[in-house]
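J.: Order-wise, the sequence lines are chains A and B. First residue of the first sequence? That's 2 in my numbering, and the numbers climb one at a time after it. First residue of the second sequence? That's 124 in my numbering, and the numbers climb one at a time after it. Pasting a structure here, questions to come.
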Amino acid sequence: MIRVEHLTVNYGAINALSDVSFEANPGRVTAVLGANGAGKSTLLRAISGLVAPKSGDIFLGERSILSMATENIARLGVAHVPEGRGVIHELTIEENLRLGAFASEVDVRAGLERQYELFPVLGDRRKKYCSTLSGGERQMLAMARALISDPKVLLLDEPSLGLAPQVTSELMNLILELCHANDLTVVLVEQNAKSALRISHDAVVLHLGTVVASGDADTIANDKNLRHYYLGLVQ
Amino acid sequence: MSQFLSSPIMHNIFAGLAQGVIYSLVALSLVIIWQSTHVLNFAQGAMAMFASYVGMTEIDRGLNYWLCLVLSIFVGLLFGGFTERVLIRPLYGKPEINAIVVTVGFLGVLEAVAQAVWTSTTRNIATPLSQIYFHNQGRLVLLSPFVIFQFALAIVIMLFVAGLFRFTDLGLQLRASALAPEVARLLGVRVNRMLTIGWMLSAAVGTVAATIVASGSFGLYPSDMDGILIAGFIAAVVGGLESPVGAVIGGLLIGLAEQFILSYWSADLAPLGGIILLVVVLMLRPQGLFTKSVSRRV
């Protein structure tokens, strides 16, 4: 479980997040929605320790992970798939996956087999360099690499970016499936509110660094004002 | 056959390779640092010189040659780690010029300290392996037991480094830390530790090169590694800066080019060998001979 309390992050004089609080729970997908520059990525980066918050606190379970080193947060079971997927192009698919397993005690070989079963397209091309993969395949690889360490929390930053609608839809179904199957706490940052809300249980809407709405995903999806002003959804 | 091994061509090839091996090791050490931290270390040669001098001092006190080689390598490891921690770590994320200025400055400091402590005279280590060239049916062959050891050592180190980067978990983490530090951190890789290990490894490989130079008949003096560093740097660039195998082959090519110029043209022009090779390679294959050019797609 991830709990963010009164989090404020500044980039120099610019206020990226102010007084943001929310909670994401196991077995549930929590969507973080909002326009470009709303602070969605910053929120994930703060959870992973990539940016230092000015004030507030972040808890993993009962433990504060604020001001912990990124690699140690990862080792506690927080898998973060960054925007642009973070696949290392100069490494092979298998090397990328093996890299994901260092954060945990899982057996690398068993982990690889598990992911190849889940994503056969990766298994078939395990020795190939990642530069040969399509956007959707790279997203699969990024997901597999995050899951191989058997994380408790999965932070996804714009997984649908650059993907065709059909691929996005399959990806979202997969996220929901994995969330249920592994009792994962999923925090799903998306600009594509429609796709995200379809699979989310909870949602947080950010606007210019502040929370303008949070709660049940269906309620937010049906709120006319929110849809109109913040989510860019037309009736 | 004996005639062939003693022919002028083979003399030049053996002499060129013996010198080239030293360039190869320096190039390899530069590639390790480049691969793991994306810094070009201008103090590489001076660090190696310093670590070998420490080992050599113990030889003067009567320690066995092999133990001294091990000692020097060990000092190199510590020295590399220390340098990364103290001098290089504050520079990450800063413009590349900062690392250049710091490593060039460090080079000057190390050479000055070495001259102060050990004087600037050439020092030479007596090796347990003979440096006397073989004779085959009365004809000279420019190979000695020590030169053969030199080749074998370089091959072992090259295979060790290439294998480490290519096949081990540590090597994978080292590469990932250099290619994408932030992503590596997100995956739980202890990137800072990897950077230190990269520098340690690199300094140790460089130290082997300096110790070979000190064991050779011309010995080692504090600024001796400057010229070797330039050749090693050219070798690394010729090989593509990312390929351990490329660095080694680049070093051997420069050794051969210098030797052939020396023998057929003029000793003064020998250092041109590396430069000519550099120009030719940059014109024909600017990414280096052994780089798999993976184009980055976003």
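All C-beta atoms, glycine included, are put in the ideal place defined by N, C-alpha and C. None of these values were measured; they are calculated from a predicted model.
Enumerate, from N- to C-terminal direction, the unbroken alpha helix (DSSP H) stretches of 4 or more residues contained entirely within the stretch 185-212 of chain A.
T.: For secondary structure counted as the alpha helix (DSSP H) over 4 or more consecutive residues, the stretch 185-212 of chain A holds these complete runs in sequence order: 194-200.
J.: Assess, as a yes-or-no matter, whether the stretch 113-130 of chain A is touched by the stretch 320-340 of chain B under the definition of 3 or more beta carbon pairs within less than 8 Å.
T.: no
J.: Mark A:ASP184 as exposed unless 16 or more other C-beta atoms lie within 10 angstroms of its C-beta, in which case mark it buried.
T.: Along the first sequence, one-based indexing puts residue 184 of chain A at 183. Its Cβ having fewer than 16 others within 10 Å, A:ASP184 is exposed.
J.: Cutting at 7 Å between CB atoms, please list the residues of its own chain near A:LEU177, excluding the five before and the five after it.
T.: Indexing the first sequence from 1 puts residue 177 of chain A at position 176. The answer, listed in chain order, is VAL30 and ILE200.
J.: B:VAL306 CB to nearest chain A CB: under 8 Å?
T.: Against the second sequence, residue 306 of chain B aligns to sequence position 183. By this cut-off, B:VAL306 is an interface position.
J.: Taking Cβ positions only, does A:GLU91 come closer than 8 Å to chain B?
T.: Walking along the first sequence from the start, residue 91 of chain A turns up at place 90. So, interface residue.
J.: Going by DSSP, which residues form a beta bridge with A:HIS81?
T.: What you label residue 81 of chain A is simply residue 80 of the first sequence in a count that begins at 1. According to the DSSP secondary-structure assignment, A:HIS81 is paired through a beta bridge with A:LEU156.
J.: Can you check whether the CB of B:ALA150 is closer than 8 Å to the CB of B:GLY373?
T.: Indexing the second sequence from 1 puts residue 373 of chain B at position 250. Indexing the second sequence from 1 puts residue 150 of chain B at position 27. With contacts defined by Cβ atoms closer than 8 Å, B:GLY373 and B:ALA150 form a contacting pair.
J.: Could you tell me the boundaries of the beta strand (DSSP E) in which A:LEU61 lies?
T.: Counted from its first residue, the first sequence places residue 61 of chain A at position 60. A:LEU61 -> beta strand (DSSP E) spans 56-61.
J.: Alpha carbon to alpha carbon, what distance is there between B:THR160 and B:PRO394?
T.: Against the second sequence, residue 394 of chain B aligns to sequence position 271. Against the second sequence, residue 160 of chain B aligns to sequence position 37. Looking at the two C-alpha atoms, the distance is approximately 29 Å.
J.: According to DSSP, what are the bridge partners of B:LEU265?
T.: Residue mapping note: residue 265 of chain B aligns to position 142 of the second sequence, counting from 1. According to DSSP, B:LEU265 bridges with nothing at all.
J.: Give me the chain B residues within the contact set of A:ALA75, using Cβ-Cβ distance strictly less than 8 Å, ordered along the chain.
T.: Mapped onto the first sequence, residue 75 of chain A falls at position 74. Below the 8 Å Cβ cutoff, chain B contributes ARG308, LEU309, LEU310 and GLY311 as neighbours of A:ALA75, in chain order.
J.: Which residues in chain A sit within 8 Å of B:LEU295, going by Cβ to Cβ distance?
T.: Translated into positions along the second sequence, residue 295 of chain B becomes position 172. Those within 8 Å of B:LEU295 in chain A are LEU92, GLU96, ARG99 and LEU100.
J.: Can you list, in chain order, the stretches of the alpha helix (DSSP H) that have 4 or more residues and sit fully within the stretch 99-150 of chain A?
T.: 109-119, 121-125 and 136-148
J.: Measuring straight from C-alpha to C-alpha, what distance separates A:VAL188 and A:VAL88?
T.: Along the first sequence, one-based indexing puts residue 188 of chain A at 187. Along the first sequence, one-based indexing puts residue 88 of chain A at 87. Going from the Cα of A:VAL188 to the Cα of A:VAL88 covers about 19 Å.
J.: Alpha carbon to alpha carbon, how far is B:GLY204 from B:ALA326?
T.: In the second sequence, counting from the first residue as 1, residue 204 of chain B sits at position 81. In the second sequence, counting from the first residue as 1, residue 326 of chain B sits at position 203. Each residue's alpha carbon lies about 8 Å from the other.
J.: Using the DSSP secondary-structure output, state which residues sit across from A:ASN16 in a beta bridge.
T.: The residue given as residue 16 of chain A occupies position 15 in the first sequence. In the DSSP output, where bridge partners are listed per residue, A:ASN16 has A:ASN11.
J.: B:TRP241: which of B:GLY178, B:LEU201, B:TYR387 and B:LEU266 sits nearest, CA to CA?
T.: In the second sequence, residue 241 of chain B corresponds to position 118, counting from 1. Out of B:GLY178, B:LEU201, B:TYR387 and B:LEU266, B:GLY178 has the C-alpha closest to the C-alpha of B:TRP241.
J.: When DSSP labels each residue in this structure, what does B:ASP349 get in the three-state scheme?
T.: Position 226 of the second sequence, counting from 1, holds the residue named residue 349 of chain B. B:ASP349 falls in the helix class under three-state DSSP.
J.: With 8 Å as the threshold, decide whether the Cβ of B:ARG208 is near any Cβ in chain A.
T.: Here residue 208 of chain B refers to the residue found at position 85 when the second sequence is read from its first residue. Taking Cβ atoms only, chain A never reaches closer than 8 Å to B:ARG208, which makes this a no.
J.: Figure out for me which residue from A:LYS225, A:GLN167 and A:GLU191 has the closest Cα to the Cα of A:THR43.
T.: On the first sequence, residue 43 of chain A is found 42 positions in, with the first residue counted as 1. It is A:GLU191 whose Cα lies nearest to the Cα of A:THR43.
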